[in-house]
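Chemist:
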Amino acid sequence: MKFTDITEESKVYPGEYVLHTPTSAIVMVGAFNRDNDVIRAFRDGRLFEDKISNFSKIGLDTKEQKIFRDKTCKKCKGAHR
Numbered sequence: 000m001k002f003t004d005i006t007e008e009s010k011v012y013p014g015e016y017v018l019h020t021p022t023s024a025i026v027m028v029g030a031f032n033r034d035n036d037v038i039r040a041f042r043d044g045r046l047f048e049d050k051i052s053n054f055s056k057i058g059l060d061t062k063e064q065k066i067f068r069d070k071t072c073k074k075c076k077g078a079h080r
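Residue numbers (numbering that gives the first Met the number 0): 0 to 80.
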């Protein structure tokens, strides 16, 4: 798993998981607003807002994606084995 900074070219979508670097917590994006330089995210069931620079995108390689998909995808769990 690799963490990359969110740049001007990066796209961040609601529902995507990102790393909040000050707390070292993986959070779910609720809203992304580049104009105001903020991301609203959910952590421990609460919504909070912080600067985009305090977040990093999570990148998985091909093997990690397969493991993640096998653990989370209920519909096609048996099809990948």
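Virtual Cβ for every residue (Gly too), placed ideally from N, Cα, C.
Rank E63, G58, T3 and Y16 by C-alpha distance to the C-alpha of R39 and give the top, closest one.
Modeler: Y16
Chemist: Using three-state DSSP, classify S55 as helix, strand or coil.
Modeler: In this structure, S55 counts as strand in the three-state DSSP scheme.
Chemist: Is the CB-CB distance between I5 and K65 below 7 Å?
Modeler: No. Outside cutoff.
Chemist: In terms of alpha-carbon separation, which member of L59, F54 and G58 lies closest to F31?
Modeler: F54
Chemist: Between the Cα of F2 and those of V28, E8, Y12 and S23, spot the shortest distance and give me the residue it belongs to.
Modeler: The residue with the shortest Cα to Cα distance from F2 is S23.
Chemist: Cα separation between E48 and D69?
Modeler: In this model, E48 and D69 are separated by some 32 Å (Cα to Cα).
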